[in-house]
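Numbering (the numbering used here), first residue to last: 30 to 281. C-beta: ideal position from N, C-alpha, C; glycine also. From a predicted model like this one, the values you see are computed outputs, not experimental measurements.
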Ligand SMILES: [Zn+2]
């Protein structure tokens with residue numbers, strides 16, 4: 030059944046590309062049809078097949094020959110892979126669907142944060158409510174764990190942001206990160222928040238150091254934190270129990 034997850038993932042990934050492109054500009058994600066960013070001509074349905082069209086067209090627009098950013102097939106391939114992984118790890122059913130919805134939200138947030146340094150409330154706020162709602166069904170966690178996760182996720186980063194602002198006198202972490210971790214907590218519970226934050230801080234610090242070392246004078250080393258929170262949540266989702274054991278083991 031994994032291949033169904035993969036194909037559905039490819040198709041959804043094509044839609045995620047639209048969300049990543051249009052959400053930050055407050056454009057409708059339904060209309061108009063996708064257009065070539067270079068020549069503005071609408072993309073034909075047969076040129077809009079995930080992954081396949083990019084390969085057949087060799088990454089160029091059929092009308093003007095302008096390059097199609099490799100980001101598009103990358104997002105489609107990633108979404109397809111996570112669709113297959115969700116089925117592989119959680120079985121073909123409701124839990125895999127919930128996991129896949131969270132994965133999609135995380136992918137959209139990651140690329141929007143990389144592009145614009147924002148995490149849209151249009152994803153994280155409905156995401157918090159959705160995470161709480163689906164916890165009442167059969168799935169990953171109970172409603173109590175979901176509520177606890179949302180409060181811990183939002184609360185912990187709120188304190189970090191507040192503390193940093195007091196100490197450094199300027200804003201270090203945006204409200205978007207706080208709401209994102211609250212959303213992750215609503216889906217994954219407090220254990221998920223702890224592991225997500227641990228992996229995100231570790232990978233974010235390493236990436237921050239690399240950026241700082243390579244930084245040229247005058248360039249701000251602003252590394253968006255959203256993608257690292259997404260990496261942490263994905264690692265927890267797909268390797269969760271092993272990570273918790275390892276994490277608790279390292280603490281003594
Ligand atoms: Zn074109």
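- State yes or no: is the C-beta of residue 88 nearer than 6 Å to some heavy atom of ligand 1? No, the beta carbon of residue 88 sits no closer than 6 Å to any heavy atom of ligand 1.
- Message: Need the endpoints of the alpha helix (DSSP H) that residue 164 sits in, please.
- Response: Residue 164 -> no alpha helix (DSSP H), and no H or E assigned at all.
- Item | Coil, strand or helix - residue 88 by DSSP | In this structure, residue 88 counts as coil in the three-state DSSP scheme.
- For residue 288, name the three-state secondary structure that DSSP assigns. Lying before the first or after the last residue shown, residue 288 is absent from the chain, which here runs from 30 to 281.
- Item | Segment limits, alpha helix (DSSP H) that includes residue 54 | No alpha helix (DSSP H) holds residue 54; DSSP gives it neither H nor E.
- Is it true that the CB of residue 136 sits closer than 7 Å to the CB of residue 45? In contact: residue 45 and residue 136 (Cβ atoms closer than 7 Å).
- Query: Who are the Cβ neighbours of residue 139 in its own chain at under 7 Å, not counting the five residues just before and after it?
  - Reply: Here the set comprises 255, 256 and 259.
- Is residue 229 near residue 157, with beta carbons less than 7 Å apart? No, these two residues do not count as a Cβ contact at 7 Å.
- Can you find a heavy atom of ligand 3 that lies under 6 Å from the Cβ of residue 76? For the structure depicted, ligand 3 is absent and the ligand set comprises only ligand 1.
- Query: Do you know how far the Cα of residue 240 is from the Cα of residue 154?
  - Reply: Each residue's Cα considered, the two are about 30 Å apart.
- Query: How big is the Cα-Cα spacing for residue 82 and residue 166?
  - Reply: One C-alpha to the other measures close to 38 Å.
- Exposed unless 16 or more other CB atoms sit within 10 angstroms - verdict on residue 123: Exposed, by the Cβ-count rule.
- Item | Own chain residues within Cβ distance below 6 Å of residue 263, not counting five before or after | If you ignore the 5 residues before and after residue 263, its C-beta comes within less than 6 Å of no other C-beta in its own chain.
- Message: Here's the rule: buried if 16 or more other CB atoms are within 10 angstroms of the residue's CB, otherwise exposed. What is residue 248?
- Response: Annotation note: pLDDT 46 at residue 248 (below 50); position unreliable, no value reported.
- Where residue 71 falls: helix, strand or coil (DSSP): In the structure shown, residue 71 adopts extended strand secondary structure according to DSSP, grouped into three states.
- To the nearest angstrom, report how far apart residue 97 and residue 90 are at their CA atoms. The straight-line gap from Cα to Cα measures roughly 6 Å.
- Can you tell me whether DSSP reads residue 64 as helix, strand or coil? The answer is strand: DSSP assigns residue 64 an E or B state.
- Please list, in chain order, all residues of the same chain as residue 163 whose beta carbon is under 7 Å from its beta carbon, the five residues on each side excluded. In its chain, beyond the 5 residues on either side, 127 have a beta carbon closer than 7 Å to the beta carbon of residue 163.
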